[in-house]
Structure formats: structure tokens, C-alpha cells
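Data block below; observations after.
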Amino acid sequence: MVGLRLSSVEIVVVEDDDGAHLGVVDDGATRHETVAAADLPARVRHLEREHRPRWVWADTAATYGRLVRAGVRVERCYDLRLCRRILRRALHAPPPSELWDAADEGEEGLDAPPTLFGVTPLPPAEVLAERARQREVVAGSRDPGRLATLLAAESAGALVAAEMRHDGLPWSAEAHDRLLTEVLGPRPHHGARPAVLEALAAQVRDALDAPRLNPDSGPALLRALRSAGISVQTTRKWELEQVDHPAVAPLLEYKRLARLHSANGWAWAEEWVRPGPPGGRERFHPDYVVGGVVTGRWATRGGGALQLPKQVRGAVVADPGWRLVVADVAQLEPRVLAAMARDERMAGAARGGDLYQGLVDQGVIDTRDHAKVAMLGALYGATTGRSGELVPRLLRAFPRATAVVEGAAMRGEVGGVVRTWLGRTSPEPPPAWKAAQDRQHEPGATDDDRRVARRLARDWGRFTRNFVVQGTAAEWALCWLADLRNRLRATAGPDAVRPDGTATGPHLVFFLHDEVIVHTPADLAEDVATAVREAAAGAGRLLFGDFPIDFPLDVAVVDTYADAG
DNA sequence: ACTATTGGCGCG
DNA sequence: AAAGCGCGCCAATAGT
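Our numbering numbers the first residue of the first sequence as 547 and each following residue consecutively.
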């Protein structure tokens, strides 16, 4: 196998104002050296070739971000901050280090400023000690193998995020502008409403007989709708869709286009899209936040990359001579549930690529649509409506899978924590939640107290129910990313970057929970498509061994994201 | 005049 | 048909 000669060398990198301290840990012995900031990239490149080490640092986004910009890439790392966050919660461990505690944890204990080490650099000895402590914590945990896998996957995700942020998503500023102009009219001057929006607003005002209405104002819009005789409770889209009135069509169109304009319009492009490499298109540079969501999913900071609307995906265009390989997993969460529950019958329904159709074929439920609604309801804890009616059929058919989600919900309802497959632990409910639970049992508690407490308990149960599934799906996705990254490195060669750090071979450019995009030279597109599939299979084996669940992908080789799926 | 919250909607 | 999970972002509004 290519790229799997894993050495046991770890190199701890501690940056300070002048440069960096390197602690090379090899077979228990540590050799120290210091490097000037300007020499760090070259030194890292050299040591990477020599040792293929695992790089240990506090903050991948900061340290590796700088290295990537200097044209250096590495194979493996261990992100002390990300891993520490997982370990603390997993084991309710006492703070491994008070220094770290003070420096690393904010109010919520999660949001440390990325510049931290530039401001108050920790002594190298402290960082080395933290690494050792984390190793001990893992070794003493209930399932060290899984926890170590989680930490490795999380750290690999941090590498991917730093690289994707640097490389950016290929973006055609020209196609984007064309698309905007087609539906909104020409770009208006500073902050003005585009012509098409202005015309739609006028139609709405006309139809509602509200000449001064600003359709962006929720309360004003609701008042105008009501005085026009439309009895709606909110101005939400789905409620308006039920209404038969001449104002509705232009209003819905206004809302759709107003959102496009404000969320992904010209101002957005100005802020987030930058010129690309020579001969290439522009790039959109999302700022991913690894582990930014409680369940372990990624978040983004600015730019809204994880909400990139289908409307604008036509602006995601491969460079000339390159292609996009777009892949997403079909029904990731139910598959993950089947595997973690060891539910063979549910896994059986998932075989063949369409789990929802599988449920119909097994006679569990009558239509594919119902199967989907019921499954999502089971994962989210739906109790009412269509979904609530259908869920029980599913629960009866799959007792093992049911036990996993219902068990998680029950633990949450009484204030307990739950764990994902690899061991990410849910947070404890907040103090206000506990206070409400206590209050209902105190003398003098009112019906209202009891009602509030029960509602909060069920809310938290739905959260923990979903946590185990969403969190395990996120773990699968991390392993998929990590495996794919290794395969792409094997294809492109580890040094397939220009001096400015931009990639010259196939590389990941987008990740969206259960979906990836690889930007690749056209002649390698089919190899990449194969790699993406093999990586998915690899992730499934890594997590679930030989349990017979597969993770089928929809893979498309396209010029523009709009043509995928 | 400023910041925090809310409603609405995009994504999975 | 439209509620059950997790998010981020925008404009308007409420709060100070």
C-alpha cells in the first residue's frame, strides 16, 4: 500500500514570536531544536521527508495554515486543541493542565482565539507534557482504539480544512455575475435594491394596497397581509404557499431573490471570492471550523460555505483542462445507525443503494416517500404529524436500531450523556435545564413547572437521540475525507504544489457533511472517482469492520457543480 | 448610536 | 404536508 509507512516519530511544534521550537520525539527520547520563523517551512519539509512523522501542534489552522501558504504539506498531524476538547468531555477528566485551561477555554470552554499562541505562547515543555497526558488519557479510556481513531480522524480533518481553505473552491466570477444579472437585473449601485426586486416589491405593494411597505420587514409585512384579508400567522414561505391571493406569487419570488441577493450576491462575492492561480478561475475560500458543531460536524465562519444554495452552484466551475468530481453518500445517517446497532435487517434494506426503497421492498412501509419521512422522524424524534404516525412502523421492524436511538433519547431525557461510535460525548444539559428538572419536584411546584420540565426533558432527549447518529455520521465522513486525502496524495505525489502552495494535482476543494468535491486535472478524473469510492468503503471498514453495510456514492464528473446530482 | 435578539431561510 | 435534529447568515427590530 502506498503512503502507509507509518513511523513512530512525533515532532512537537511550538511557535513563538521569534520562530519555533521543535521537539523530535523518537522512541521515547526527545531531541530539541529551535528554528527561525522564516526557516520553519523548509525545516518541516526536510523533516517530513526524512521521518514521515506525526506533527503535533496546538492549532492546525494557525501553524499548518502558515506552512501550507509557504508551500509545505504534511501527511499526518495531531491537533492538541481539537483532541483535548474531545478528551475532556469524553472522560470528564480534570483539566490536564491549568495553563491550558486558562489559556484554552472560554466561557463555554470551546472557543479559544486562534491567535492564542502568538499572544501567550506556552513553554515547549508544557506542550510536550500535554501531548503525553493526552496519550495517557486515551490509554486509560474504555476503548482506546476507537478514541485514538477519532483523534486521528479529527486531526486529519484539520489538515484537510487548512488545505481546502488555502486552495479554495474554483469559482467563475463571470458565471456568477451572469447568473445574478439574469435574475436580479444589472448590479445596482452601493446597497440599492436591484431592479427586479424593486419591481416585485412594487407588485406586492400594489396587490396588498400598502404603498409604503418594505417587504423585508416581517412585522410590517404581516400587518399588510392581514389588512388585505389574508389570515396567516407568520410570513413563512410554506404558510404563504397555502394562500390564494395575487400578492403571494410576487412576494414569494421577492423573498427567493432577496435572499440570493443578500446571501450570495455581488457584495458576498466581493468579500469571499478572490483571484485564482495563473490560468485558473477565481476561488471561493471558506473558513472551515473543524468540530465546530457539538456533534462533531464542521461549521464555517463567514461566507456561508455550508449553505451554498443550489441556485448559485453554476458558478462553481473547474479550471480549463480540469474537472470536478462531485460525490455524495446516499442516506448516510440511517446506514450509520444500522451499522452501529448491528441491525442486519436494516442493513439488508440498505443494500442495493436505496435504503428507502429497500424499506418498501421489505414490506415495512408502503411508499418510498413515507419511508423517508418515517426514517427522518425516527432519527429526529418526531412525535406528531405524518411523520409521527409513520415512525412506529419503523421502530417495530427494526428493534436493534430502535434500541440505539430510543436508548439515547431516554438517557438524554434524564440528563445523561451519550456517545458516538468512536466516543465523542454529548455535552451535559445546561444549568437552567437541571434547575427546571429539580424545580418540578420541589414542594409548591406548579403544573406549569412540571409542563416546562417535561418539555425541556423531551427536547434534550431529541438532541441526544440525534447526537449519536449525526455524530457517528460525522465520524464516518471524517474517515472518508482522511482516506481520500491519502489516496489523492498518492496519486498526485506529496509535493504537488506550486511555490505559493496551490495544488497542481487532484485535491479536495469542498466538504459538506456527506458530500465532497475534488478538483482534478481532467485526465485523472476517473481515477479520482475510483478513489472517492474506495475511500468510502475504507471508511466503512475502519468504523464498522466487516459488518455488512455499504456506503454507496453518487459520483459525477462535471465541469460545474450545478451539473452534479 | 450601539449590541443582542428574532424571524426567516439556506444547507445537510 | 410542513415538524422532529444540527448549523450560519441576513435584515429588521428590540433592548440598552
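In this text, a Cβ means the ideal position worked out from N, Cα and C, and glycines have one as well.
Look at the alpha carbon of E1021 and the alpha carbon of S554, and state the distance between them as a whole number of angstroms. In this model, E1021 and S554 are separated by some 24 Å (Cα to Cα).
Does DSSP classify T1018 as helix, strand or coil? helix
Of the choices L726, D563, D1046 and L586, whose alpha-carbon is the least far from that of P823? D1046
Report back the beta-carbon spacing between G842 and R1033 to the nearest angstrom; my notes put them in contact at under 8 Å. Their Cβ separation, rounded to whole angstroms, is 23 Å, which puts G842 and R1033 out of contact at 8 Å.
Pairing CB atoms from the stretch 903-912 with CB atoms from the stretch 928-946, are three or more of them under 8 Å? Yes: the two stretches touch, three or more of their Cβ pairs being nearer than 8 Å.
Check whether the stretch 778-793 and the stretch 676-693 touch, using three or more Cβ-Cβ pairs below 8 Å as the test. Fewer than three Cβ pairs drawn from the stretch 778-793 and the stretch 676-693 lie within less than 8 Å of each other, which leaves the two stretches out of contact.
Does the distance from the C-beta atom of L771 to that of L754 stay below 8 Å? yes
As an exercise, report each continuous alpha helix (DSSP H) stretch of at least 4 residues that is fully enclosed by the stretch 805-863, in chain order. 812-818
Flag this pair as yes or no: are the beta carbons of L803 and L743 separated by less than 8 Å? yes
Does the beta-carbon of Y902, which I'm using as the reference point, lie nearer than 7 Å to any heavy atom of the ligand GDP? As presented, the structure is devoid of all ligands, the ligand GDP included, so that no description of it is given.
Ends of the beta strand (DSSP E) at A873? That run of the beta strand (DSSP E) goes W868 to V875.
Along the chain, where does the beta strand (DSSP E) containing F1056 start, and where does it finish? H1053 to F1057
Alpha carbons only, please: which of L1099, L759 and V560 is nearest the one belonging to E672? V560
Among G617, L806, L613 and D585, which residue has its Cα nearest to the Cα of L730? L806
Can you tell me whether DSSP reads V581 as helix, strand or coil? Collapsing the DSSP output to three states places V581 in a strand.
Supposed contact pair L1024 and G703 - C-beta distance, whole angstroms, cut 8 Å: 5 Å
How many angstroms separate the CA atom of R595 from the CA atom of P1098? The straight-line gap from Cα to Cα measures roughly 36 Å.
Buried or exposed for A648, please, with buried defined as at least 16 other CB atoms from any protein chain shown within 10 angstroms of its CB. Note that A648 scores a pLDDT of 43, beneath 50, so its modelled location is shaky; the value from the coordinates is reported in the next line. Exposed, since its Cβ has fewer than 16 Cβ neighbours within 10 Å.
Where do the N-terminal and C-terminal ends of the beta strand (DSSP E) with H567 fall, by residue? G565 to D572
Answer yes if the stretch 900-908 comes into contact with the stretch 916-925, meaning at least three C-beta pairs across the two stretches below 8 Å, and no otherwise. Yes, since at least three Cβ pairs between the stretch 916-925 and the stretch 900-908 fall closer than 8 Å, the two stretches touch.
Is the distance from the Cβ of E700 to the Cβ of G837 below 8 Å? yes
Tell me, which residues are paired with L1099 by DSSP? V875
With a 10 Å radius around its C-beta and 16 neighbouring C-beta atoms as the bar for buried, classify D1069 as buried or exposed. exposed
Based on the DSSP secondary-structure assignment, which residues constitute the bridge partners of I776? BP columns for I776 are empty, so no partner.
Whose CA, out of S773, A885, V602 and A861, lies closest to the CA of G1091? A885
Coil, strand or helix - L1123 by DSSP: Nothing can be reported for residue 1123, as the shown portion of the chain is limited to 547 through 1111.
Spatial neighbours of V665 within its chain, please: C-beta separation below 6 Å, excluding the five flanking residues on both sides. At V665, the pLDDT of 46 sits below 50, so the modelled position is not reliable; the number obtained from the coordinates is stated separately. So no residue of the chain qualifies.
From the DSSP output, in three-state form, read off W601 for me. strand
Go ahead and label G958 buried or exposed: buried means 16 or more other beta carbons lie within 10 angstroms of its beta carbon, across all protein chains shown. Its Cβ being crowded by 16 or more others within 10 Å, G958 is buried.
Reference P977, options L1002, A608 and V882, closest by Cα: Residue L1002 is the option with its Cα nearest to P977.
Buried or exposed (CB count within 10 angstroms, at least 16 for buried), P757: exposed
What is the DSSP secondary structure of P975, counted as helix, strand or coil? Coil, per DSSP.
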